[in-house]
Amino acid sequence: MDRQTRMYDNLDKLEQRTIEEILTIVYDALEERGYNAIDQLVGYILSGDPSYITSHNNARNIIGRIERDDLVEELIKSYLHK
(Lines of atoms letter the chains of each structure in order from A; the text may use other names.)
(Lines give C-alpha, C1' and ligand atoms only; values in the text may rest on other atoms or scores of the structure.)
Protein backbone atom coordinates (compact mmCIF):
# COMPACT_ATOMS: atom_id res chain seq x y z
CA MET A 2 0.00 0.00 0.00
CA ASP A 3 1.49 3.34 -0.99
CA ARG A 4 1.63 6.46 1.19
CA GLN A 5 -1.27 8.24 -0.54
CA THR A 6 -3.57 5.22 -0.12
CA ARG A 7 -2.70 5.05 3.59
CA MET A 8 -3.42 8.77 3.91
CA TYR A 9 -6.89 8.34 2.40
CA ASP A 10 -7.58 5.32 4.61
CA ASN A 11 -6.64 7.42 7.65
CA LEU A 12 -8.98 10.23 6.51
CA ASP A 13 -11.83 7.76 6.07
CA LYS A 14 -11.25 6.42 9.57
CA LEU A 15 -11.11 9.97 10.94
CA GLU A 16 -14.41 10.88 9.31
CA GLN A 17 -16.04 7.81 10.85
CA ARG A 18 -15.10 8.84 14.38
CA THR A 19 -17.83 10.14 16.62
CA ILE A 20 -17.69 13.52 18.29
CA GLU A 21 -17.18 11.73 21.60
CA GLU A 22 -14.14 9.91 20.21
CA ILE A 23 -12.74 13.14 18.78
CA LEU A 24 -13.20 14.97 22.08
CA THR A 25 -11.48 12.13 23.93
CA ILE A 26 -8.50 12.22 21.56
CA VAL A 27 -8.20 16.00 21.87
CA TYR A 28 -8.70 15.96 25.65
CA ASP A 29 -6.00 13.31 26.07
CA ALA A 30 -3.57 15.23 23.85
CA LEU A 31 -4.13 18.42 25.84
CA GLU A 32 -3.65 16.59 29.16
CA GLU A 33 -0.47 14.90 27.87
CA ARG A 34 0.96 18.34 27.13
CA GLY A 35 0.08 19.61 30.60
CA TYR A 36 -2.80 21.88 29.65
CA ASN A 37 -6.09 22.22 31.53
CA ALA A 38 -8.04 20.39 28.84
CA ILE A 39 -11.47 21.69 29.87
CA ASP A 40 -10.34 25.32 29.82
CA GLN A 41 -8.66 24.85 26.45
CA LEU A 42 -11.72 23.18 24.91
CA VAL A 43 -14.02 25.90 26.23
CA GLY A 44 -11.72 28.55 24.79
CA TYR A 45 -11.75 26.80 21.43
CA ILE A 46 -15.52 26.36 21.37
CA LEU A 47 -16.22 29.98 22.32
CA SER A 48 -13.64 31.62 20.09
CA GLY A 49 -13.02 29.20 17.25
CA ASP A 50 -9.31 29.90 17.64
CA PRO A 51 -7.47 26.66 16.86
CA SER A 52 -4.44 27.75 18.90
CA TYR A 53 -6.35 26.63 22.01
CA ILE A 54 -5.83 23.06 20.81
CA THR A 55 -2.40 21.47 20.78
CA SER A 56 -1.01 20.02 17.59
CA HIS A 57 0.25 17.07 19.66
CA ASN A 58 -1.11 13.78 18.27
CA ASN A 59 -2.71 15.78 15.45
CA ALA A 60 -5.41 17.01 17.87
CA ARG A 61 -5.83 20.43 16.23
CA ASN A 62 -6.41 18.90 12.82
CA ILE A 63 -8.79 16.28 14.20
CA ILE A 64 -11.03 18.72 16.06
CA GLY A 65 -11.00 21.07 13.09
CA ARG A 66 -12.85 18.45 11.06
CA ILE A 67 -16.07 18.98 13.01
CA GLU A 68 -18.13 22.15 13.06
CA ARG A 69 -18.19 23.91 16.41
CA ASP A 70 -22.00 24.16 16.37
CA ASP A 71 -22.18 20.37 15.89
CA LEU A 72 -19.81 19.99 18.81
CA VAL A 73 -21.92 22.22 21.07
CA GLU A 74 -25.11 20.44 19.98
CA GLU A 75 -23.61 17.05 20.83
CA LEU A 76 -22.36 18.28 24.21
CA ILE A 77 -25.80 19.63 25.14
CA LYS A 78 -27.52 16.42 24.04
CA SER A 79 -25.06 14.40 26.08
CA TYR A 80 -25.47 16.61 29.13
CA LEU A 81 -29.25 16.41 28.94
CA HIS A 82 -29.15 12.71 28.01
CA LYS A 83 -31.21 13.28 24.84
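Take the numbering used here: the final residue in the sequence shown is number 83, and no numbers are missing along the way. Here a beta-carbon is modelled for each residue, glycine too, at the ideal position from N, C-alpha and C.
*asked:* What does the Cβ neighbour count give for residue 24, buried or exposed, with the cut at 16 atoms within 10 Å?
replied: By the 10 Å Cβ count, residue 24 comes out buried.
*Helix, strand or coil: which one does DSSP assign to residue 64?*
Reduced to three states, the DSSP call for residue 64 is helix.
*For residue 44, the first and last residue of its enclosing alpha helix (DSSP H)*: Segment 38 to 48, the alpha helix (DSSP H) holding residue 44.
*For residue 77, the three-state DSSP class (helix, strand or coil)*: In this structure, residue 77 counts as helix in the three-state DSSP scheme.
*asked:* Rounded to the nearest angstrom, what separates residue 61 and residue 83 at their Cα positions?
replied: Cα to Cα, the separation comes out at about 28 Å.
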